[in-house]
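Residue numbering for the sequence shown follows my numbering, starting at 22 and increasing by one per position. Ideal placement from N, C-alpha and C gives every residue a C-beta, glycine not left out.
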Amino acid sequence: MERLPDGARLERGPGGLERLVLSASDGEAIVTLQGAHVAHFQPKGEKPVLWMSSQSRFESGKPIRGGVPICFPWFGPKAGAPDAPLHGFARILPWSVAAVTRGSDGSLRAAFDLTADAAARGGFPHELALSLTVRVGRNLWLDLAVHNTDAAPRAFEAALHSYFAVSDVRQARIRGLEGTPYVDKTAGMALKPGASEPITIAAETDRVYLGATGAVTIEDPGWRRRIVVAKVGSSTTVVWNPWIAKAKAMPDFGDDEWSGMVCVETANAMDDAVTLAPGATHVMTATLEVQAG
Ligand code: BG6
22 MERLPDGARL ERGPGGLERL VLSASDGEAI VTLQGAHVAH FQPKGEKPVL WMSSQSRFES
82 GKPIRGGVPI CFPWFGPKAG APDAPLHGFA RILPWSVAAV TRGSDGSLRA AFDLTADAAA
142 RGGFPHELAL SLTVRVGRNL WLDLAVHNTD AAPRAFEAAL HSYFAVSDVR QARIRGLEGT
202 PYVDKTAGMA LKPGASEPIT IAAETDRVYL GATGAVTIED PGWRRRIVVA KVGSSTTVVW
262 NPWIAKAKAM PDFGDDEWSG MVCVETANAM DDAVTLAPGA THVMTATLEV QAG
């Protein structure tokens, strides 16, 4: 790769994992090359937008707890393969940096690849190639492109499993999924009708909203801000908070950290899995924006 533009640097982060720091004019992001995992995003003058557990492992081949893990090519456990890694292999394999450029508006754009060859070298022979493009300025733009290199149609699930930092999840309201049906993972995968009210979190919450193509807003009165998650090419939104017992049970999640986060994931999962024709490319985009209010 050519010389990095001003504001971009490669360095070793926690656990010695290589990461790309993108210090743009209006915001900063950090992307760990393992998983092309956005570990940090902060517009200038704002608190961090993404949550990261103080207990996260930063170890080669292990998932990072927080930021934006990329789930691919399956979401959750792989059907019929209990030993396969949860949420797929993309988040635990090394990606490569393809290009980093600086825009005239002072934003920085970086592209990362996980080729079918690299997946095979990592022990996961596969026919789909991925690339993630990250653009950071006042907002964060994430484009996940999946390309079918095979001669046969191929299906996949994917998620930009975004962990958001909130002042207190019990005070937050999540708008934009009213009336949308969801699979409730805390109730034996029961399909439930969407409520007419915005979502509030008062217990373990693990919901896969299907046919959910619209933007979602996380209202955080404690920090007087709204996080808007807009998307294109995504039909699933996942909302997750582990609450007390599950947080305690996860070794890489602080016992009391559950109140400071909520996941709102831009995805294509379960009935919304994507089938790609030979040679075709699918792009899923998420845009994260902070507004006052
Ligand atoms: C969510 C799933 O997307 O991710 C939950 O819906 C899961 O069921 C959570 O517990 C965290 O998954 P992991 O593999 O990162 O612990």
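Nonlocal neighbours in the same chain, by C-beta distance under 6 Å from residue i, ignoring five residues either side
i      : result
TRP95  : GLY109, GLU178
ALA166 : SER152, THR302, VAL304
THR154 : ALA132, ASP164
LEU297 : ASN169, ARG175, HIS303
THR287 : LEU181, LYS252, SER255, ALA307
Residue environment, residue i, which counts as buried when at least 16 other CB atoms sit within 10 Å
i      : result
LEU212 : exposed
ALA223 : exposed
ALA29  : buried
LEU71  : buried
The ligand BG6 heavy atom lying under 8 Å from the CB of residue i
i      : result
LYS269 : no
LYS206 : yes
GLU286 : yes
ALA102 : no
HIS182 : yes
LEU107 : yes
PHE96  : yes
ARG86  : yes
VAL229 : yes
PRO219 : no
TRP264 : no
TRP261 : yes
PRO202 : no
Opening and closing residue of the alpha helix (DSSP H) in which residue i lies
i      : result
THR113 : Before going further, note that residue 113 is Ile rather than Thr in the sequence given. Per DSSP, ILE113 belongs to no alpha helix (DSSP H) and is neither H nor E.
ASP138 : 137-142
TRP264 : 264-270
The beta strand (DSSP E) enclosing residue i, as first and last residue numbers
i      : result
LYS252 : 246-253
LYS213 : 211-213
SER117 : 117-123
MET305 : 302-313
MET41  : The sequence as given places Leu at residue 41; Met does not occur at that position. 39-44 is the extent of the beta strand (DSSP E) around LEU41.
PRO64  : 58-64
Own chain partners of residue i with C-beta closer than 7 Å, once the 5 adjacent residues on each side are dropped
i      : result
PRO84  : PRO90, ARG112, ILE113
SER280 : ASP189, VAL190, ARG191
Cβ shell of residue i (< 8 Å), same chain only, five flanking positions each side left out
i      : result
ASP199 : Correcting the residue identity first, residue 199 is Glu in this sequence and not Asp. Here the set comprises GLY215, ALA216, SER217, GLU218, PRO219.
Is the region 202-210 touching the region 225-233 in the sense that three or more CB pairs, one from each, lie closer than 8 Å? yes
Contact between the region 118-137 and the region 32-51: three or more CB pairs below 8 Å? yes
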